[in-house]
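These notes concern the structure reproduced below.
2 protein chains.
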Amino acid sequence: MNAYVYGYGKPGKERLIVIDLGVTFPDMDSSPGVDLIMADVAWLEENKHRIDAIFITHAHEDHIGALPHLWPRLRKPVYARRFTARIGALKLEEAGIGTEELHVVEPRPQVIEAGPFKVQFVPVSHSIPESSALVIDTPAGRIVHTGDFKLDGSPIVGEPFDPVLWHEIAGEGEGVKLLVCDSTNVFSPQPGRSEATLAEPLTKLIAEQEGMVVATTFASNVARLKTLAEAGKAAGRSICLLGRAMKRMVTVAEETAVLTGFPGHIPAEDAADVPRNHLMLIVTGSQGERRAASAQLSRGKYLGIEMKDGDTFLFSSKVIPGNERGVIRIMNAYSEKGVEVIDDRGGLYHVSGHANRPDLEAVHDLLKPQMLIPMHGEHRHMREHSKIATSKGIASLVATNGMMIDITGTAPKVAEYIEAGRTYLDGSVLIGALDGVVRDRIRMALNGHVLITVIIDEDDVPLGDAWVELMGLPEVGRSGTPIADQIEDELAEFLERAPDKIISNDDKMDEALRRIARQVTMEEIGKKPEVTVVVSRLMAD
Amino acid sequence: MNAYVYGYGKPGKERLIVIDLGVTFPDMDSSPGVDLIMADVAWLEENKHRIDAIFITHAHEDHIGALPHLWPRLRKPVYARRFTARIGALKLEEAGIGTEELHVVEPRPQVIEAGPFKVQFVPVSHSIPESSALVIDTPAGRIVHTGDFKLDGSPIVGEPFDPVLWHEIAGEGEGVKLLVCDSTNVFSPQPGRSEATLAEPLTKLIAEQEGMVVATTFASNVARLKTLAEAGKAAGRSICLLGRAMKRMVTVAEETAVLTGFPGHIPAEDAADVPRNHLMLIVTGSQGERRAASAQLSRGKYLGIEMKDGDTFLFSSKVIPGNERGVIRIMNAYSEKGVEVIDDRGGLYHVSGHANRPDLEAVHDLLKPQMLIPMHGEHRHMREHSKIATSKGIASLVATNGMMIDITGTAPKVAEYIEAGRTYLDGSVLIGALDGVVRDRIRMALNGHVLITVIIDEDDVPLGDAWVELMGLPEVGRSGTPIADQIEDELAEFLERAPDKIISNDDKMDEALRRIARQVTMEEIGKKPEVTVVVSRLMAD
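Residue numbers (the UniProt record's numbering), protein chains in the order written: chain A, 1 to 541; chain B, 1 to 541.
Right, here's the structure in full:
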């Protein structure tokens, strides 16, 4: 969930620009029920009078996904290249937000002036069209913010990485003061491979299949979609795209003219009529997402299409760490249907969109920055990247979330810590990650939930017995008597003997009843549940 | 969670033996709050008069972990080799179960007669001492049940894989009718490596470190523990084991004489006094388990020991698919402390305990079975293994959970489907996976929980207003008014106008109040929560 801020000016009065507003995805372990996770922009919101612009480097969700959710809090001009801006506009429109502040930018030499900043978009190769690095000139020097990139001389769709251009950028003025650089693949020791290397193995693989072929990849990897579709065509197959995100990406790429010559494809409703050995589906869901086309097809018929014994399912993708369970679930579901599952085990059918270690070193050498701050990766990736920089005599530091770094000297230096947590999109509202809402959900999921209701009459006497309901707990435990009945019995005994000063005090009642419920449950099933106590007090008329 | 059953006799009256009673581990996605997952043995329990014995191949949790939980339902003699039996006995004793039915078995040539079965334990190499295959002779032919194994000629601890012995087994009588064979590493194309190959790289690595060294591996991999400890000793370090499971394994291995010459080690309370460059910890938690020593050390001081900048943490292990998130969390926590994290990326510091594809093929060739049923692996692994067998002319079939296979013919054939689900250990009780308990927990975690209490008086008139509590839901949504208040208002309006026939009917009240709560919540935050309605009815005296 990328969101970077650069500032220039007197401390506390710096003018600010924001780079990217991305999301990350929730999981059951830490964020059950949450829809999206993004940066908490409270500090930016408080200081929004100081923000001059927002720049979006490319249209991956982890860089643009929070735009419709966070832009309404900031309401500043947004700059992006054509394809990225179009994806952004669709997101804003869907959220009912106007797009008048969204500006399409041409790549360098166009310069956007935003307060003290002069910003140029410089094309880089990545796994989505029009990914850009930003060259940010300030009175204190030049910053190169790489965005996500790889060194690909023939990326199929979009601009190749252009070392001559970067050489030029490095040579202008006083050179590059700071390189803020993608670190994702710092642990990959071999030079990265070009998107173009995939055409041959994919074409060969698909030609060899006898049943239906279904391939999945990242929806936004338009180059890969083209390679896959061309491989299918070459094997005499009709191509059908399944999945909203994927169709949108192809449409926007064609509309913005970054994609041309994409093979003709048929709608899903016609696919069922094509003989399976002449059909190839390209579908969403490379990460095992439960609602995506790949998962739907693994469970059974989807849009009239069903995979069968003898068909082939190809993952032209890698598993993003943490998504293994979902992907394995789908692979096994296909295996049970007799479908041949092919993944990228051998490295033949997927290439990464990020620069590997030798590529990163080549960029360091090309740009010769005075300082380097690693970005995009886990802490261990950034730490490794920082070590490489340091070993080459480039001053470096790992910036963690919320760290404000002073780069006016000869080495990066921590200036301040800004509170920078996470915001959750939960249904249709934004909540703070530390609001306790999700914590309560996790507790209910781990421990179950016991509800106790008691009615106390006008004279502070319990009216009837306490009532207990269990949710997410076994009905009976060791003793064989229903747990709810046992808690009710214990509560009845307690209420009968409890002095007025407890009965009349809500907090004491809550505490006492909760303790009894937890104790009984502990004895019966060895768990201490969450407990909600509702004491209803009747009032004298 | 392995549990296999072999039967011989007239259909429906077969005498039965059970091989292994294992567990698998829960996750938040599908089994939040659950402690352990094991096979549902309802069918075995119903037919326990037909069971003659239980055999345990080795002491890994996925083969022995359910013994204390499921044995009380079956109460049949259990056979295992010395080390395995000792681990089993400790488990039974902890659960307060007598061990008189637990029998220590010597390896072949000892034969255990159990009804129509004659069973021999045959030593195989794996990643825990005394792992055994079972040679099961029946009047219908010989079955070889491999258990978990690899082909290791020098496993450091325990017996090497002995091809001569297996050649002999294959040659006896009419040879092997059925091979039931480990499939875990069927997708690994290279021959497996010996445990002995690790000593050199581990010794070199540890000798090169300057700060404290902490290494983790699977607690039961006693051979690895020995190699690590010896490498530490060679580097002049004091060795300290942290983690109950690991200490237990070493103790049991020494008691049963399968482990000798394990380097002397110091207790945790002395470790803090050793200079860090002379200290090496060997700790539990290679899979990122939150309560294990590795996770505790990543969070801060643990037993007086703290990891610091310049220390090294070594994963002499692989990540079991699905555990990536936990492991990555720990790696990054160490990275933030400046600790160098070394994992098995290069294949230098870990070897698998399972046979790779060429090793499996070697075993097929050695045993020349008439049929092969793959086991131990996901469906896709078993399917691949089955394809290999078929391609070599060995009749094969993938058996999924609950499938009863007839092997009396020339090829395996599905005879029957037995209902075979999962049982959860939840706190201290066993519950059925489909009881709805865990489903309710998942729903509360995803959707939150709304509680509604209403009091109805003797004349079927609501007494006061309905009371609403939220758990795991934001307090306010779109409108800015607390959601609970809004639901209460809507409920008040409804109750005021509701006809007697609804007010007096519990089911209709439940349905109506639930619908209102879900509708308000949906409008406010776009989520439909779980709702519990408690209607308390006052009775006329």
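For glycine and all other residues, C-beta sits at the position ideal for the given N, C-alpha and C.
Quiz item: Using a threshold of 7 Å, is the CB atom of residue 65(B) nearer than that to any non-hydrogen atom of the ligand SAM?
Solution: By its list of ligands, the structure shown contains no ligand whatsoever, and the ligand SAM lies outside what it can speak to.
Practice problem: Determine the closest residue to residue 367(A) out of 38(A), 486(A), 285(A) and 162(A), with distance taken between C-alpha atoms. | Solution: 162(A)
Quiz item: Using a beta-carbon distance cut-off of less than 8 Å, what residues from the stretch 2-34 of chain B approach chain A?
Solution: When C-beta distances to chain A are compared with 8 Å, the residues of the stretch 2-34 of chain B below that value are 27, 28, 29, 32 and 33, in chain order.
Self-check item: Unbroken stretches of the alpha helix (DSSP H), 4 residues or longer, contained in the stretch 302-342 of chain B
Solution: 324-336
Quiz item: For residue 22(B), is the classification buried or exposed, using 16 other Cβ atoms within 10 angstroms of its Cβ as the cut-off for buried?
Solution: buried
Self-check item: is_contact[residue 345(A), chain B] using C-beta, thresh 8 Å
Solution: yes
Exercise. Determine the chain B residues that contact residue 53(A) at a beta-carbon separation under 8 Å, and present them in chain order.
Key: Those do not exist, as residue 53(A) stays about 29 Å from chain B at its closest Cβ, beyond 8 Å.
Exercise. State yes or no: is the beta carbon of residue 71(B) nearer than 8 Å to at least one beta carbon in chain A?
Key: no
Self-check item: residue 177(A) - containing beta strand (DSSP E), residue span
Solution: 176-182
Practice problem: With 8 Å as the threshold, decide whether the Cβ of residue 514(B) is near any Cβ in chain A. | Solution: no
Quiz item: So, does the CB of residue 187(B) fall closer than 8 Å to a CB anywhere in chain A?
Solution: yes
Exercise. Would you mind reading off the limits of the beta strand (DSSP E) that contains residue 449(A)?
Key: 449-456
Quiz item: At least one CB of chain B closer than 8 Å to the CB of residue 413(A): is that the case?
Solution: It does not; no Cβ of chain B falls within 8 Å.
Quiz item: Is the Cβ-Cβ distance between residue 151(B) and residue 389(B) less than 8 Å?
Solution: no
Quiz item: Roughly how far, in whole angstroms, is the beta-carbon of residue 220(A) from the beta-carbon of residue 112(A), given that I think they are within contact range, below 8 Å?
Solution: Contact flag wrong, Cβ pair sits at about 24 Å.
Quiz item: So, is the C-beta of residue 532(A) closer than 8 Å to a C-beta in chain B?
Solution: Cβ-Cβ to chain B under 8 Å: yes for residue 532(A).
Exercise. Would you list, in chain order, the members of the stretch 371-404 of chain B that have their beta-carbon closer than 7 Å to a beta-carbon of chain A?
Key: 378, 379, 380 and 383
Quiz prompt | Beta bridge counterpart(s) of residue 373(A) as assigned by DSSP | solution = 180(A)
Exercise. Following the continuous beta strand (DSSP E) through residue 103(A), name the residue where it begins and the one where it ends.
Key: 102-104
Quiz prompt | Neighbourhood of residue 395(B) by C-beta distance below 7 Å, restricted to the same chain and skipping five residues each side | solution = 370, 371, 410, 411 and 412
Quiz item: Which word fits residue 533(A), buried or exposed, when buried means at least 16 other C-beta atoms lie within 10 angstroms of its C-beta?
Solution: buried
Quiz item: Which class does residue 495(A) belong to by DSSP, given the choice of helix, strand or coil?
Solution: helix
Practice problem: Kindly indicate which three-state DSSP category residue 396(B) falls into: helix, strand or coil? | Solution: strand
Quiz prompt | Buried versus exposed call for residue 443(A) [16 or more other C-beta atoms within 10 Å across all chains shown] | solution = buried
Quiz item: Can you list, in chain order, the stretches of the alpha helix (DSSP H) that have 4 or more residues and sit fully within the stretch 52-83 of chain A?
Solution: 61-64 and 67-74
Quiz prompt | Proximity test, Cβ basis, 8 Å: residue 328(B) and chain A | solution = yes
Exercise. Verify the CB distance criterion: does residue 42(A) have a CB-CB separation below 8 Å to chain B?
Key: no
Quiz item: Considering only the beta carbon of each residue, do residue 493(A) and residue 482(A) sit closer than 8 Å?
Solution: Not closer than 8 Å, so no.
Practice problem: Would you please verify whether the beta carbon of residue 481(A) is less than 8 Å from any beta carbon of chain B? | Solution: Chain B contact via Cβ: absent.
Exercise. Between the Cα of residue 263(A) and those of 428(A), 230(A), 288(A) and 283(A), spot the shortest distance and give me the residue it belongs to.
Key: With distances taken between Cα atoms, residue 263(A) lies closest to 230(A).
Quiz item: Is residue 167(B) helix, strand or coil by DSSP?
Solution: helix
Self-check item: Touching by the beta-carbon criterion (3+ pairs, under 8 Å), the stretch 182-193 of chain B and the stretch 374-387 of chain B
Solution: The stretch 182-193 of chain B makes contact with the stretch 374-387 of chain B, as at least three CB pairs between them are under 8 Å.
Exercise. Determine the DSSP secondary structure at residue 112(B), reduced to helix, strand or coil.
Key: DSSP, read as helix, strand or coil, puts residue 112(B) in strand.
Quiz prompt | Cβ-based neighbour list, residue 272(A), same chain, cut-off 7 Å, excluding 5 preceding and 5 following | solution = 304 and 305
Quiz prompt | Contact set between residue 472(A) and chain B, taken where Cβ atoms lie within less than 7 Å | solution = 437, 440, 441 and 444
Exercise. Would you check if the stretch 69-85 of chain B and the stretch 97-105 of chain B touch, i.e. whether three or more CB-CB distances between them fall below 8 Å?
Key: yes
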